[in-house]
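Colleague: Once you've had a glance at the structure underneath, I'll fire off some questions.
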């Protein structure tokens with residue numbers, strides 16, 4: 002048989018590379034299948050826990066004998082770190098986060114480890130601050146509310162803590178504090194109305210959970226302009242959290258701060274045009 006010349010070859014693509022080409026192609030495919038997959042480059046982990054560490058660090062009280070400036074700065078930092086944690090939990094935008102900027106002037110220069118039951122005696126030895134005279138008059142037969150609302154408010158982390166503290170203060174201060182919390186039986190709506198009626202008559206001292214205080218304020222039963230001193234109880238509840246670290250209570254507190262409390266607070270120490278101050282005490286140490 003005569004061999005084909007170049008002019009006789011089919012160059013239209015209808016030809017095969019033959020057995021040798023197929024074998025090479027199969028071997029190449031097998032090599033690709035048996036090759037170990039490339040390991041992804043591990044991503045660098047972001048440093049976590051920065052907010053938590055800041056909160057825990059802020060809970061460490063200042064040394065005994067700290068100056069008024071140091072005590073105010075501690076309270077300012079304590080509230081600021083709690084706000085950062087709240088903003089992170091609520092995924093607030095940077096603009097929303099800037100809505101709260103605690104100032105040292107907001108706070109009474111009080112040692113945070115001072116038990117609340119000793120606050121009245123402590124106030125008698127310190128320079129005057131909003132509500133100090135009223136605080137000292139508790140139990141002396143002179144503390145009579147002059148207008149609706151609550152002159153001194155104490156925020157507690159839970160109802161259990163509220164009533165434990167109420168029993169302590171009722172005994173040591175000789176005054177019956179008003180309890181603003183979920184208690185007394187019946188529907189919550191009925192409880193709120195009973196407490197609103199008591200506030201309308203005026204209360205010198207009221208203990209409240211943040212959630213109930215928020216509801217009373219938002220429903221118009223309590224005007225915070227009637228309050229001269231807001232005490233934040235830093236004692237731990239059964240969950241080992243306080244008002245500023247328990248997420249629910251912290252959220253209610255900052256909701257009130259953003260909408261109602263901030264305009265009532267001074268921006269500079271000594272500003273007598275503002276009649277409200279924060280006081281942080283009752284911090285438990287190991």
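In the numbering used here, the protein residues as written are 2 to 287. Ideal placement from N, C-alpha and C gives every residue a C-beta, glycine not left out. No experiment lies behind these values; they were computed from the predicted model shown.
1. Which runs of the alpha helix (DSSP H), 4 residues or longer, sit entirely within the region 96-175?
2. Decide yes or no for the touch test of the region 239-250 against the region 194-207: beta carbon pairs closer than 8 Å, at least 3 of them.
3. Here's a check: name, in chain order, each residue in its chain whose Cβ is nearer than 7 Å to the Cβ of residue 255, leaving out the five neighbours to either side.
4. Smallest Cα separation from residue 271: which of 79, 108, 91?
5. From 98, 201, 112, 238, pick the residue whose C-alpha is nearest to that of residue 165; which is it?
6. Looking at residue 170: is its Cβ nearer than 9 Å to the Cβ of residue 247?
7. Which parts of the region 190-245 are runs of the beta strand (DSSP E), unbroken and 3 residues or longer, counting only runs that do not cross its ends?
8. What separation, rounded to the nearest whole angstrom, lies between the Cα atoms of residue 258 and residue 172?
9. Along the chain, where does the beta strand (DSSP E) containing residue 179 start, and where does it finish?
10. Ignore the nearest five residues each way along the sequence and tell me which others in residue 160's own chain have a CB closer than 7 Å to its CB.
11. At the level of alpha carbons, what is the spacing between residue 111 and residue 263?
12. With a threshold of 16 other CB atoms inside 10 Å of the CB of residue 274, please say whether the residue is buried or exposed.
13. Write down the C-beta distance between residue 148 and residue 203 rounded to the nearest angstrom, noting that I regard them as a contact closer than 8 Å.
14. Between the C-alpha atoms of residue 191 and residue 200, what's the straight-line distance to the nearest angstrom?
15. Specify the secondary structure class of residue 281 as computed by DSSP and reduced to three states.
16. Taking Cβ to Cβ, would you say residue 235 is nearer than 9 Å to residue 278?
17. Here's the rule: buried if 16 or more other CB atoms are within 10 angstroms of the residue's CB, otherwise exposed. What is residue 175?
18. Would you report the Cα separation of residue 168 and residue 81, rounded to the nearest angstrom?
19. How many Å lie between residue 193 and residue 285 at the Cα?
20. Leaving aside the five residues before and after residue 268 along the sequence, list all residues of the same chain whose C-beta is less than 7 Å from its C-beta, in chain order.
21. Along the alpha helix (DSSP H) that carries residue 87, what are the first and last residues, could you check?
22. Would you say residue 156 and residue 232 are within 9 Å of each other, going by their C-beta atoms?
23. Exposed or buried, which one is residue 90 when buried takes at least 16 other CB atoms within 10 Å?
Modeller: Let's see:
1. 120-124, 133-138, 160-174
2. no
3. On the chain shown, residue 255 is found 254 positions in, with the first residue counted as 1. Result list for residue 255: 84, 87, 101, in chain order.
4. Here residue 271 refers to the residue found at position 270 of the chain shown. When only C-alpha atoms are compared, the closest one is 108.
5. Translated into the one-based positions of the chain shown, residue 165 becomes position 164. It is 238.
6. Against the chain shown, residue 170 aligns to sequence position 169. Against the chain shown, residue 247 aligns to sequence position 246. Contact flag unset, no.
7. 204-209, 230-234
8. Looking up residue 258 in the chain shown gives position 257. Looking up residue 172 in the chain shown gives position 171. Between residue 258 and residue 172, the C-alpha separation is close to 31 Å.
9. The count along the chain shown starts at 1 and reaches residue 179 at position 178. First-last of the beta strand (DSSP E) with residue 179: 179-181.
10. Numbered from its first residue, the chain shown carries residue 160 at position 159. Counting only Cβ-Cβ distances below 7 Å, and skipping sequence neighbours, we find 182, 183, 184, 210.
11. Residue mapping note: residue 111 aligns to position 110 of the chain shown, counting from 1. Residue mapping note: residue 263 aligns to position 262 of the chain shown, counting from 1. So the two alpha carbons sit approximately 20 Å from each other.
12. Here residue 274 corresponds to residue number 273 of the chain shown, with the count starting at 1. Answer is exposed; the Cβ neighbour count stays below 16.
13. As a first step, residue 148 must be located in the chain shown, where it is residue number 147. As a first step, residue 203 must be located in the chain shown, where it is residue number 202. Indeed, because the Cβ distance is near 6 Å, the residues count as touching under 8 Å.
14. Here the question's residue 191 lines up with position 190 in the chain shown. Here the question's residue 200 lines up with position 199 in the chain shown. Going from the Cα of residue 191 to the Cα of residue 200 covers about 14 Å.
15. Numbered from its first residue, the chain shown carries residue 281 at position 280. Strand at residue 281.
16. By one-based count along the chain shown, residue 235 stands at place 234. By one-based count along the chain shown, residue 278 stands at place 277. No, they are not a contact pair.
17. Here residue 175 refers to the residue found at position 174 of the chain shown. Exposed, because fewer than 16 other Cβ atoms sit within 10 Å of the Cβ of residue 175.
18. Position 167 of the chain shown, counted from the start, is the residue given in the question as residue 168. Position 80 of the chain shown, counted from the start, is the residue given in the question as residue 81. If I take the Cα positions, the gap works out to 31 Å.
19. Here residue 193 is taken as the residue at index 192 of the chain shown, counted from 1. Here residue 285 is taken as the residue at index 284 of the chain shown, counted from 1. If I take the Cα positions, the gap works out to 31 Å.
20. Within the chain shown, residue 268 is the residue found at index 267, counting from 1. Correct list, in chain order: 104, 106.
21. As a working mapping, residue 87 is identified with position 86 in the chain shown. Its alpha helix (DSSP H) spans residues 69-91.
22. Reading the chain shown from its first residue, position 155 is the one you call residue 156. Reading the chain shown from its first residue, position 231 is the one you call residue 232. For residue 156 and residue 232, yes; Cβs fall inside 9 Å.
23. Position 89 of the chain shown, counted from the start, is the residue given in the question as residue 90. Residue 90 comes out exposed.
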